[in-house]
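In our numbering, the protein residues as written are 1309 to 1476. Ideal Cβ positions, reconstructed from N, Cα and C, are used throughout, including at glycine.
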Ligand SMILES: Cc1cc2nc3c(=O)[nH]c(=O)nc-3n(C[C@H](O)[C@H](O)[C@H](O)COP(=O)(O)O)c2cc1C
């Protein structure tokens, strides 16, 4: 897929066929994370690729909307705020994680997969389920699989000109 086709194809998908994602495809998606930049190259993140159905169902139970239980794979993005670069005393972990997650998301779309960022979940409960070590926290969940539904109608509340302004 051409790059702009990948960008256009990425939409949030919340239902998947039961087909597993081949391990080599998951590995390839993971390699996209290595290309991501991070402030001072600190890479204050790591990823747990969950394919165990029982654990995915447990993760589903700690999300607000509860649709990830049928996903064949869930990538849990862990972040370490103290391990990130700080600007004016403020950790830029979330910025680094946003960049690397989108690398992962777009690589997944290029492989024919679909997913949806999940930010609405009980972080402490997810940390417990995933045995997240001290200093780290589950920042985002990304269920991935082969779509069994189309995306919702495309709506953007702000037009291009409101987001992107040329200053000369
Ligand atoms: C940081 C972040 C967190 C999100 N969390 C959730 C979530 O918890 N549940 C959900 O259904 N969608 C979630 N979304 C998906 C957004 O609702 C979706 O990206 C937005 O409505 C635009 O639709 P699109 O992704 O199809 O273009 C999240 C997206 C982002 C970027």
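Residue i beta carbon near ligand 1 (any heavy atom closer than 8 Å)
i            : result
residue 1319 : yes
residue 1458 : no
residue 1427 : yes
residue 1322 : yes
residue 1483 : Limits of the chain in this structure are 1309 at one end and 1476 at the other, which puts residue 1483 out of reach.
residue 1355 : no
residue 1403 : no
residue 1375 : yes
residue 1448 : yes
residue 1424 : yes
residue 1311 : no
Per DSSP, the bridge partner or partners of residue i
i            : result
residue 1387 : 1353 and 1445
residue 1394 : 1399
residue 1381 : 1452
residue 1358 : 1382
residue 1302 : In this structure the chain extends from 1309 to 1476, so residue 1302 is not present and cannot be described.
residue 1320 : 1423
Closest by C-alpha distance to residue i, when choosing among the options
i            : options                   : result
residue 1385 : 1429, 1319 and 1454       : 1429
residue 1458 : 1417, 1368 and 1320       : 1320
residue 1391 : 1383, 1381 and 1404       : 1404
residue 1380 : 1408, 1343, 1324 and 1354 : 1324
residue 1451 : 1326, 1346 and 1314       : 1326
residue 1311 : 1419, 1464 and 1447       : 1419
residue 1328 : 1364, 1400 and 1313       : 1364
residue 1410 : 1375, 1345, 1435 and 1309 : 1345
Enclosing alpha helix (DSSP H) for residue i [first to last residue]
i            : result
residue 1336 : 1331 to 1342
residue 1313 : 1311 to 1317
Complete runs of the beta strand (DSSP E) confined to the segment 1416 to 1455 [at least 3 residues]: 1445 to 1453
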